[in-house]
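S.K.: In our numbering, the protein residues as written are -13 to 125. The beta carbon of each residue, even a glycine, is placed where N, CA and C say it ideally should be. On a predicted model such as this, the values are computed, not experimentally measured, just so you know. Sending over a structure as C-alpha cells; questions will come in a sec.
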Amino acid sequence: AAAAAADRGARNHEAAGGEVMQLAFEEKGDVTVVRVQEAKLTYPVLASFFSEVRRSVEGGSRNVLIDLAAVSYLDSASIGCLMDIHRLLQEKGGAVRLSGLQPRVETMISMTGVHKIVPLHREEEDALDAFSAPGGGGR
C-alpha cells in the first residue's frame, strides 16, 4: 500500500534547462516525505527540486523529510539548496530532516557542516519519530 501511495505521488519535474527531476511526495501524518529518485542531485535539476519543495511548503507542509536513499552524488550547489530549504522551513516555523544517506553523500554533508544544522537519519522511521519528539519539528 505504501508503494502504491508513493507511486501516486511520483512526478516528473522539468528544470529550467529542460532537465527532468524525478521526485515522489508522500504524506505520512504531519510529515511530507520527498523522495529524490535521482542518482545525482546536481545543478541542472536543483531549480525544479527547490521549486517543488517550496510549492509543498507554501501549500502548508511544515515538517519535510527528504529521502536521499537513491542519491549517490551531490555537489556544492545541492548543499546550498538543502540550506535554502532549511531556511524556508525555519521562516515558516517548520523543520527539515534528511534520511537514507549513502556513505559518500553523508561524508559530503558532514564535511560541509550541514549535519550540525539539518538532522540526518539513517532510517526513515527514525526521522519520522524525531519529528514527533519534543522540539523535533515545527508544531
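Report yes if the CB atom of residue 60 is closer than 8 Å to the CB atom of residue 94, and no otherwise.
M.R.: In this structure, residue 94 lies closer than 8 Å to residue 60 by Cβ.
S.K.: Nearest-angstrom Cα distance between residue 18 and residue 40?
M.R.: Residue 18 and residue 40: Cα-Cα distance of roughly 12 Å.
S.K.: Are residue 28 and residue 63 close, meaning C-beta to C-beta below 8 Å?
M.R.: Closer than 8 Å, so yes.
S.K.: Tell me, which residues are paired with residue 73 by DSSP?
M.R.: Per DSSP, none; premise fails for residue 73.
S.K.: From residue 7 to residue 83, what does the alpha carbon distance come to, in whole angstroms?
M.R.: Rounded to whole angstroms, residue 7 to residue 83 spans 20 Å at the Cα level.
S.K.: With a threshold of 16 other CB atoms inside 10 Å of the CB of residue 85, please say whether the residue is buried or exposed.
M.R.: Buried, by the Cβ-count rule.
S.K.: Does DSSP put residue 47 in a helix, a strand or coil?
M.R.: Looking at residue 47 - three-state DSSP - the assignment turns out to be coil, as it is neither helix nor strand.
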